[in-house]
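Undergrad:
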Amino acid sequence: MITITDKENCMGCYACATICPKTCISMESDNEGFWYPVVDHARCIECGMCVKVCPIIQTPHKEREQGKKPLAYAAYNKDDTVRLDSSSGGLFTLIAEEVLSVGGVVFGARFDDRFNVIHDYVEKVDKLSDFRGSKYVQSRIGDSYEQVQEFLQQGRLVLFTGTPCQISGLKHYLGKDFDNLLCQDIVCHGVPSPKVWQKYVSYRENRAGASARRIAFRRKDRGWKRYSVSFLFNNNTEYLQILHQDLYMQAFLKDICLRPSCHACQFKTVNRESDLTLADFWGIQNVLPEMDDDKGTSFVIIHSEKGKQLFERIQRSLVSHEVDVWQGIQYNSAMIRSAKRHPHRDEFFEQLDHKRIDILIRRLCRDKFPVRIKRKLVAGVRLILEKLGLLETAKRVLRRGRSV
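Under our numbering, the sequence shown has 428 at position 161, and the numbering climbs by one with no breaks.
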């Protein structure tokens, strides 16, 4: 039976719980808010199925690193409305629409009515917006793997989107390849605790004096590179804060609230089990400055013939340019490197049930004084250039200087 002796070796993928023929494995939260399998020993028949589908046990990290260098592209959706409503270049929407147009099913992460992040599926285009945009919280897989299997056996085309470990969990659960399964993963920084997220939502609601109606992690009001976190409340007030000044994003980007396995992630490889990977092309201003309008550009990596064919089918709706895969990875190293464990991580979680979330984050995640001064100076110069109408000119001069 599955036994978790080191939490770094479990990413909460749900494969073991889903495969169990006696349903004697439940996924339960620990004191940090992360899900782990718990076995009911009285009902367990020692069949070993849970061990057979565990991606960590069955697929050593070195095997995931094998394969030739994949094709890669910089790309964005020609539809600015969709692009601006997306985290980066708006490619997920095009891929999902292509699958739905032939009667397929799309799985992805969405908020439930209390802003927990869950995996779900849609069969109609008008429901896709629930999946659009980043959710910086670990999603609950629930029954998704079983639902995927049912749709596949019906002969329907299925697109499953998620983190690399979730896709590995799905493929190990299925146990064989399906021609009608497409998998798209992301470049994952790491998954924060759902418990931390819920405490932050409650904090924001208490500050606003109303429950949240809509939350977005990456609003582009100030551009793609300076995205903002947004809460819209039922009293029609709004919280909007740039990423580095939002407390939750500080905790996330400082790596203080991530799942233990994210600090030793076995899925940080160039070659993936997915058919294609979508990410932000953060260095686009240096690689292809003509594609940088600060509305969002995606980094696309093709891992299979199925992924290549799918990408080709949406070309008519894209602006795209082939790049060397390492041109994108050099500006998005989370593709191949795990997040470093924050030195105060243990203290953070030990105090989580005893301290207010805002106080805890401010105390343990505060930037050093020189960093805060530098950020304020850069923001001040940017504001002055914007007011003078010289910001774009300054950007062009800086790009020209880098290329010399």
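All C-beta atoms in this analysis are idealised placements derived from N, C-alpha and C, irrespective of residue type, glycine included. Quick caveat: nothing in here was measured; it's all calculated off a predicted structure.
Mapping the DSSP letters down to three states, classify Phe-615 as helix, strand or coil.
TA: If DSSP states are grouped into helix, strand and coil, Phe-615 belongs with the helices.
Undergrad: Measure the alpha-carbon distance for Arg-489 versus Leu-351 and round it to whole angstroms.
TA: Distance between the alpha carbons of Arg-489 and Leu-351 is about 11 Å.
Undergrad: Just list the residues that DSSP pairs Ile-628 with in beta bridges.
TA: According to DSSP, Ile-628 bridges with nothing at all.
Undergrad: Rounded to the nearest angstrom, what separates His-308 and Val-468 at their Cα positions?
TA: The straight-line gap from Cα to Cα measures roughly 36 Å.
Undergrad: Count the CB pairs spanning the segment 545-556 and the segment 587-597 that are closer than 8 Å, and state whether there are at least three.
TA: Yes, the segment 545-556 touches the segment 587-597.
Undergrad: Given that a residue counts as buried once 16 or more other Cβ atoms are within 10 Å of its Cβ, and exposed if not, what is Thr-504?
TA: Label assigned to Thr-504: exposed.
Undergrad: Taking a contact to mean a Cβ-Cβ separation below 8 Å, would you say Lys-575 touches Leu-338 in this structure?
TA: Yes. Within cutoff.
Undergrad: So which of Arg-612, Asp-560 and Glu-540 has the shortest CA-CA distance to Leu-437?
TA: Checked all of Arg-612, Asp-560 and Glu-540; the closest Cα to Leu-437 is Glu-540.
Undergrad: Span of the beta strand (DSSP E) holding Glu-505?
TA: Note, Glu-505: beta strand (DSSP E), 505-509.
Undergrad: Can you check which of these residues, Gln-414, Cys-532, Leu-543 and Asp-522, is closest to Ser-605 by C-alpha distance?
TA: The shortest Cα separation from Ser-605 among Gln-414, Cys-532, Leu-543 and Asp-522 belongs to Cys-532.
Undergrad: Would you call Phe-636 buried or exposed, if buried means 16 or more other Cβ atoms sit within 10 Å of its Cβ?
TA: Confidence in Phe-636 is poor, its pLDDT being 41 and thus under 50, which makes the residue's placement unreliable; the coordinate value appears in the next sentence. Its Cβ having fewer than 16 others within 10 Å, Phe-636 is exposed.
Undergrad: Report all residues from its chain with a CB closer than 8 Å to the CB of Val-638; omit the five preceding and five following residues, and keep chain order.
TA: Residue placement at Val-638 is flagged as unreliable, the pLDDT there being 47, under the threshold of 50; a coordinate-derived value is accordingly withheld.
Undergrad: Quick check for students: name the residue ranges of the beta strand (DSSP E) that lie wholly in the segment 480-548, counting only runs of 3 or more.
TA: Complete beta strand (DSSP E) runs here, min 3: 495-500, 505-509 and 543-547.
Undergrad: Counting Cβ pairs closer than 8 Å, one from the segment 464-478 and one from the segment 317-324, do we hit at least three?
TA: No: the two stretches stay apart, fewer than three of their Cβ pairs being nearer than 8 Å.
Undergrad: Quick check: the Cα distance between Cys-283 and Cys-311, rounded to an integer number of angstroms?
TA: If I take the Cα positions, the gap works out to 13 Å.
Undergrad: Give me the residue from Lys-492, Thr-536 and His-439 with the minimum Cα distance to Met-602.
TA: Ranking the options by Cα distance to Met-602, first place goes to Thr-536.
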